Amino acid sequence: MPFSPSLQQADFLDWISAGSGSCVLEAVAGAGKTTTLIEAIERTGGGVAFLAYNKKIADEIKGKLQRRGIDWKTAEAGTIHSFGFRAYRKAFPQVKVDANKLADLAAVQLNSAKHPALGTLCQLVSLAKQRALGVMGSIDDHSLWYDIIQHFDVQIGDVAGEDDDAAEAFVKAGIELLRRSNAVTDIIDFDDMVYLPLVKKVRFWRNRWVFVDEAQDTNPARRALVRAILAPGGRVVAVGDRHQAIYGFTGADSDSLDLIAQDFNAVRMPLTTTYRCPKAVVAFAQQWVSHIEAHESAPEGEVRTMEVSALRHQAGLASAAVLCRNTKPLVELAFDLIRSKIACRVEGRDIGLGLIKLATKWGGVTTLHGLESKLADWAAREIPKALAKKNESRAQSVEDQVATLQVIIDQCRAERRDSVQAVVDAINGIFANDVTDMLVLSTIHKSKGREWGTVYWLDRGLCPSYYARQAWQLQQEDNLCYVAATRAKEVLVDLRDPEAEEEREAKRRGF
7 MPFSPSLQQA DFLDWISAGS GSCVLEAVAG AGKTTTLIEA IERTGGGVAF LAYNKKIADE
67 IKGKLQRRGI DWKTAEAGTI HSFGFRAYRK AFPQVKVDAN KLADLAAVQL NSAKHPALGT
127 LCQLVSLAKQ RALGVMGSID DHSLWYDIIQ HFDVQIGDVA GEDDDAAEAF VKAGIELLRR
187 SNAVTDIIDF DDMVYLPLVK KVRFWRNRWV FVDEAQDTNP ARRALVRAIL APGGRVVAVG
247 DRHQAIYGFT GADSDSLDLI AQDFNAVRMP LTTTYRCPKA VVAFAQQWVS HIEAHESAPE
307 GEVRTMEVSA LRHQAGLASA AVLCRNTKPL VELAFDLIRS KIACRVEGRD IGLGLIKLAT
367 KWGGVTTLHG LESKLADWAA REIPKALAKK NESRAQSVED QVATLQVIID QCRAERRDSV
427 QAVVDAINGI FANDVTDMLV LSTIHKSKGR EWGTVYWLDR GLCPSYYARQ AWQLQQEDNL
487 CYVAATRAKE VLVDLRDPEA EEEREAKRRG F
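If you use this note's numbering, the sequence shown corresponds to residues 7 to 517, in order.
Printed below as a string of structure tokens:
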């Protein structure tokens, strides 16, 4: 079917053909941005680097370019890591990728592969790479390291002590490890693919155009690499949606689009029409993003309310999704559905691995009772500490992890399995990646970039989080609501859990 652009898409395409400079294209959820960008590429005259957020998206773009007859000489799609790695490999052809690079170096530095500070030290240095220390700011600037520790709540107190001298010693250890890592040029890790080419000032292939997808989720190192691969006088197209910025707690800058507009003196253009969502869903989503519009040809669709107890009786679950703010309700629901012979999985193998890491944190603990005791003590210590540092997202994460593990512990106990290994086995059984052909249970964070005909939004009242206090945190909670609603292509169901609502209301009132 021939592409018939909207007025906004036509304006953007005209800018590509006849305009100048760079552009921040702000596209609402389901705005047809991929189709628009492919059309734009055909009008550039070539020399395009398309930076996709992940490999799955990069492969999708490559396929669409090939089907259009656009070869790599005109436009090349890949992740930002692949562009960095390719340039680095030309300068260091013997390079090998090793995800354990930092851990191996830290083990030597700390004289032990089992040192209690090893994981935290590697986390700190990984974040330093993402913040481009040594490229944007000096590696030796201790204030930059303290900024990272505070912003990302790196728990150095757990392994180094709480006093200022201990913190200073840990920062010095981070500086030493980063310098050790930068000195090893024949081995790189995932962060290095973007970071090390910048540090070593390798020669990049320069492009007349650089398209940046999901630009609202960029960090300093990624933006620096965009500038490095842009030819003098070249043009940047940064595509994103500030209302889908939900990863501020992981390293992405919440104001990435504004920073890009500032750095590249970019004009701003909108795409406000969604081609994914029906009219009823769009009207519902407008309470968070007032400018999103349904296409005139969109079906009416449906937004309705239903209690969670009725879910197991619904048809078509194998092609639907249940979304929730937190993991605990999803795991509870998963066990309930599995008992009812309904196939489902919780999306996110990495979430499962994080739970396993916590469940096995205390090596000498092997029973469920022992694990419960350790988890209670850990939460009682970590939540007040996080709140004292005004790191509410950390407090939320700790509470959700402990509550999720308690659900799994209760299930293991009901099955007469009394071991931490049983908890690990249960986690491995319900968490998976890229779930298809069965009901998907997903946190809203994990649902981003995906869509389903019917979306069940479980316990919508969990947004905003009880722990969201600061303005930027509350904004990200609104963004989560917008993301959840706009995953639905046909029907959005507000899936209520009356018991959870009562419990939450009591907590909010301090009972």
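No residue lacks a Cβ here, since even glycine has one placed at the ideal position from N, Cα and C. These numbers were taken from a predicted model, which means no experiment stands behind them.
Contact check, residue i vs residue j under 8 Å by CB: the rounded distance?
i, j, result
"valine 245", "leucine 13", "Between leucine 13 and valine 245 the Cβ distance is about 18 Å, and since that is not below 8 Å, they are no contact."
"glutamate 378", "isoleucine 415", "6 Å"
"alanine 221", "leucine 204", "Not really, about 18 Å apart at Cβ, beyond 8 Å."
"glutamate 508", "arginine 282", "Actually they are not in contact, since the Cβ atoms of glutamate 508 and arginine 282 sit about 34 Å apart, beyond 8 Å."
"leucine 411", "alanine 477", "Going by Cβ atoms, the distance from leucine 411 to alanine 477 rounds to 31 Å, so no, they are not a contact pair."
"lysine 334", "valine 413", "6 Å"
"serine 187", "valine 131", "7 Å"
"glutamine 479", "glutamate 398", "6 Å"
"arginine 209", "alanine 97", "7 Å"
"asparagine 439", "arginine 355", "5 Å"
If we call anything under 8 Å between Cβ atoms a contact, is residue i one with residue j?
i, j, result
"alanine 385", "glutamate 405", "yes"
"glutamine 402", "phenylalanine 341", "no"
"methionine 444", "cysteine 350", "yes"
"alanine 81", "valine 54", "yes"
"leucine 464", "valine 314", "yes"
"aspartate 247", "valine 34", "yes"
"leucine 1", "isoleucine 433", "One cannot answer for residue 1 here, as it falls past the ends of the chain, which runs 7 to 517."
"alanine 326", "tyrosine 462", "yes"
"tryptophan 215", "valine 243", "yes"
"lysine 395", "aspartate 159", "yes"
"lysine 70", "isoleucine 44", "yes"
"glutamine 15", "threonine 40", "no"
"alanine 83", "alanine 58", "yes"
"leucine 447", "leucine 336", "yes"
"alanine 134", "tryptophan 151", "yes"
"glycine 459", "valine 499", "no"
"threonine 280", "histidine 297", "no"
"glutamine 115", "aspartate 197", "no"
"arginine 241", "serine 28", "yes"
Compare the Cα-Cα distances from residue i to each of the options and report the closest residue.
i, options, result
"alanine 237", "Ile67, Gly360, Phe270, Leu265", "Phe270"
"valine 328", "Gln161, His301, Thr442, Thr40", "Thr442"
"lysine 107", "Ser303, Ile194, Val497", "Ile194"
"tyrosine 201", "Ala474, Asp192, Ala230", "Ala230"
"glutamate 308", "Lys347, Lys495, Asp261, Leu323", "Lys495"
"arginine 318", "Glu306, Ala304, Lys347", "Lys347"
"threonine 224", "Gly376, Ala251, Gln481", "Ala251"
"alanine 24", "Ala490, Arg95, Gly51", "Gly51"
"alanine 112", "Gln129, Val101, Gln100", "Gln129"
"cysteine 487", "Ala474, Val499, Pro470", "Pro470"
"histidine 375", "Ala428, Ala490, Ala291", "Ala428"
"alanine 506", "His297, Arg466, Arg355", "Arg466"
"alanine 123", "Ala105, Ile162, Tyr94, Ile155", "Ile162"
"alanine 392", "Tyr473, Ser296, Gly459", "Tyr473"
"glycine 36", "Glu299, Leu343, Val232", "Glu299"
"leucine 184", "Ala109, Arg274, Ile76, Asn117", "Ala109"
Does the Cβ of residue i have 16 or more other Cβ atoms within 10 Å, making it buried, or fewer, making it exposed?
i, result
"histidine 451", "buried"
"glycine 358", "buried"
"arginine 345", "exposed"
"alanine 64", "buried"
"leucine 263", "buried"
"aspartate 147", "exposed"
"phenylalanine 9", "exposed"
"asparagine 332", "buried"
"glutamate 511", "exposed"
"proline 284", "buried"
"threonine 1", "The requested residue 1 does not occur in the structure, where the chain is confined to residues 7 to 517."
"histidine 249", "buried"
"arginine 502", "buried"
"phenylalanine 18", "buried"
"arginine 493", "buried"
"aspartate 20", "exposed"
"phenylalanine 517", "Interpretation of phenylalanine 517 is limited by its pLDDT of 45, a score under 50 that renders its predicted location unreliable; the figure taken from the coordinates is listed afterwards. It is exposed - the Cβ of phenylalanine 517 has fewer than 16 other Cβ atoms within 10 Å."
"glutamate 306", "exposed"
"aspartate 153", "exposed"
"asparagine 485", "buried"
"serine 453", "buried"
"serine 118", "exposed"
If we cut at 8 Å on Cβ distances, does residue i have a partner in chain B?
i, result
"alanine 304", "Considering every chain present, this structure includes no chain B. It has just one protein chain."
With a threshold of 7 Å, establish whether the CB of residue i neighbours any heavy atom of the ligand COA.
i, result
"alanine 33", "Among the components of this structure there are no ligands whatsoever, and the ligand COA is therefore not found."
Unbroken stretches of the beta strand (DSSP E), 3 residues or longer, contained in the region 264 to 345: 273 to 277, 308 to 313, 327 to 330
Secondary structure, beta strand (DSSP E): runs of 3+ residues fully inside the region 155 to 218: 213 to 218
Could you name each continuous alpha helix (DSSP H) segment of 4 residues or more that falls completely within the region 413 to 493, going from the start of the chain to the end? 426 to 436, 450 to 453, 477 to 491
Ranges of the alpha helix (DSSP H) found wholly within the region 118 to 144, counting only runs of at least 4: 124 to 136
Could you give the uninterrupted runs of the beta strand (DSSP E) lying entirely in the region 23 to 111, keeping only those of 3 residues or more? 29 to 33, 54 to 58, 81 to 85
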